[in-house]
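Start counting the sequence shown at 6; every next residue gets the next number (my numbering). For each residue, glycine too, the CB sits at the ideal point set by N, CA and C.
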Amino acid sequence: MAAQQPSLKARALRYLSMREHSRLELGRKLARHAEEGEDVNALLDWLEQNKWLSQERFSEALIHRRAARYGNSRIVAELQSHGVAGEALQELKSTLAEDETARACEVWRRKFGTVAADRLERNKQMRFLLQRGFSQRAVLAALGGSDPDDEI
Numbered sequence: 006m007a008a009q010q011p012s013l014k015a016r017a018l019r020y021l022s023m024r025e026h027s028r029l030e031l032g033r034k035l036a037r038h039a040e041e042g043e044d045v046n047a048l049l050d051w052l053e054q055n056k057w058l059s060q061e062r063f064s065e066a067l068i069h070r071r072a073a074r075y076g077n078s079r080i081v082a083e084l085q086s087h088g089v090a091g092e093a094l095q096e097l098k099s100t101l102a103e104d105e106t107a108r109a110c111e112v113w114r115r116k117f118g119t120v121a122a123d124r125l126e127r128n129k130q131m132r133f134l135l136q137r138g139f140s141q142r143a144v145l146a147a148l149g150g151s152d153p154d155d156e157i
């Protein structure tokens with residue numbers, strides 16, 4: 006006997022119980038399982054009205070997961086790919102910009118820990134931080150090897 010497939014609502018709640026999802030991401034996942042006559046957008050609206058689905062919570066969770074390893078441009082690009090845009094995105098950008106230099110210094114310290122001895126090593130360190138999405142200003146500050154908390 007075949008097992009009964011969970012409803013679209015049950016699938017949505019199961020996905021949301023594992024981690025926060027953006028509306029766009031959850032819609033894509035549910036669309037694969039939607040049968041004819043089921044309205045995914047109506048379900049997403051219901052989830053938002055009942056506070057099961059929140060773009061703000063999703064954004065905060067993504068930033069929390071990524072901020073210790075990646076720079077602002079990489080995090081913002083990921084937020085945009087999940088459908089976060091407009092004023093909410095601008096507010097998140099300004100929040101991230103406050104501590105980007107400190108985060109870049111911490112990533113540099115964990116990966117390298119010592120100031121580069123020659124140009125080749127410095128370029129390697131710079132490429133690493135730039136590929137992680139840190140701004141040039143933050144990368145240059147991190148490559149100096151100084152801790153931003155020490156500055157008075």
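Check: Start and end residues, alpha helix (DSSP H) containing K129; Outcome: 124-136
Check: Run of the alpha helix (DSSP H) containing S44, from where it starts to where it stops; Outcome: In the sequence on display, residue 44 carries Asp and not Ser. Here D44 belongs to no alpha helix (DSSP H), and DSSP marks it neither H nor E.
Check: Local conformation of G32 per DSSP, three classes; Outcome: helix
Check: Buried/exposed call for A146, threshold 16 Cβ in 10 Å; Outcome: buried
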